[in-house]
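Worksheet for the structure shown next.
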């Protein structure tokens, strides 16, 4: 409908099958040869094919093109004219399409600015509609973004994990950070308790608030941030010859060199890629630097298994200890997923190892060694004497743990 000439030549090509069928029927009736066929062959184009037994009935105006063992192939003035029109129509259609396409490009180029402006507006509208749809569907609230130094979240939830179809019911958690009394939260807790999920959740909600989205929480107030820094996970860079620990330290250095009091810093297990004492020393020093360096005094969530770091809360007013609550039921632990003030009593690493399927003898020996290390008693053979006397009954640890 855009161009009448193009429609006409396309119709000629498209209607070819019907014309050929009609022509074949008329030639069958005219010649009295019911098995006469009109077809297209790659060598000769459109032809009339007559079986060998009916060749004598071919009209005088049939021009022989090819002899076959089964019959003869012919052409006629009508077929030649039709082929000329069809081929011409196809060539003309291609030429017209190319001309119209060039005209369309020229027209679009003349309105590049308007098109880009419209595309940007549509993109923004698409994002805002997605924000609104998710906010209504998942019960999000509008965050308050201001110039304060506060990051306050009441009953925050992780926007992705809470939507997983097979996940346990999500437990909301609250957060309060500022630049003075609650600048750094040291978060301890057992393996798999939810420390990493919690700190990522806070960072995700901060980003969502900054891009204009509502957030999964009962309430949120946030002073404008200049950056969100994260040091999470472990990975090397073989192509550049960087070990896991070197990558960890380079990322940490970037944070310490660029963080400001307007930044949010998320740290997960700093120092775990090296020896215990080195790791504790680095993690301790990083926390002190972020607390004491005026130009780097960022609001920080610091998840760690180094319980020695919890002593920092007694030394610095702006550092607070938080833990992920668990409940022990005999030889089982139940993760409550609740963040609360305090310090984790232990990491339950051996319990997690049992749950993961470590051989029973490995779990049993690990319990011996842990008891021995905790009481600082190892004999010359490396056997845990104290642990043998009061061996933990970890052989009863089930292979599967109960979560809720």
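Residue numbers (our numbering): 236 to 639. Every residue, glycine too, gets a C-beta built ideally from N, C-alpha and C.
**Request:** Report the option in 510, 272, 451 whose CA atom is closest to the CA atom of residue 305.
**Result:** 272
**Message:** Less than 8 Å between C-beta atoms, sequence neighbours within five positions excluded: which residues of the same chain meet that for residue 459?
**Reply:** 380, 381, 382, 445, 497
**DSSP-derived helix/strand/coil call for residue 380** = Of the three classes helix, strand and coil, the one that applies to residue 380 here is strand, per DSSP.
**Message:** In whole angstroms, give me the CA-to-CA distance for residue 377 and residue 463.
**Reply:** 20 Å
**Message:** If you measure between the beta carbons of residue 413 and residue 391, is that distance less than 8 Å?
**Reply:** Cβ distance not < 8 Å, so residue 413 and residue 391 don't count as in contact.
**Contact under 8 Å by Cβ, residue 388 with residue 437** = yes
**Request:** With distances taken Cα to Cα, identify the nearest neighbour of residue 517 among 288, 435, 544, 499.
**Result:** 544
**Request:** Hey, could you find the ends of the beta strand (DSSP E) residue 464 is sitting in?
**Result:** 462–466
**Asked** What whole-angstrom Cβ distance do residue 405 and residue 393 have, given they're in contact under 8 Å?
**Response** 7 Å
**Asked** Between which two residues does the beta strand (DSSP E) containing residue 572 stretch?
**Response** Looking at the DSSP string, the run of the beta strand (DSSP E) that includes residue 572 is 567–576.
**Message:** Mapping the DSSP letters down to three states, classify residue 245 as helix, strand or coil.
**Reply:** In the structure shown, residue 245 sits in a helix (DSSP, three-state: H, G or I).
**Pick from 236, 386, 322, 520 that is closest to residue 456, judged by C-alpha positions** = For residue 456, the nearest C-alpha among the options comes from 386.
**Request:** Spell out a yes or no on whether the stretch 530–546 and the stretch 492–507 are touching, meaning 3 or more CB-CB pairs, one atom from each, closer than 8 Å.
**Result:** With three or more CB-CB distances shorter than 8 Å, the stretch 530–546 counts as touching the stretch 492–507.
**Every unbroken alpha helix (DSSP H) inside the stretch 412–491 [4 residues or more]** = 430–445
**Request:** Give the C-beta separation of residue 536 and residue 434 to the nearest angstrom, bearing in mind that I take them to be a contact with Cβ-Cβ under 8 Å.
**Result:** The pair is a contact, with the Cβ atoms about 4 Å apart (cut-off 8 Å).
**Prompt:** In three-state terms, what does DSSP make of residue 507?
**Reply:** The answer is coil: DSSP assigns residue 507 none of H, G, I, E or B.
**Asked** Residues in its own chain within less than 7 Å of residue 240 by CB, not counting five upstream and five downstream?
**Response** 331
**Asked** Where DSSP assigns a beta bridge to residue 306, which residues make up the other side?
**Response** 286
**Extent of the continuous beta strand (DSSP E) run through residue 406** = Note, residue 406: premise wrong, no beta strand (DSSP E); not H, not E.
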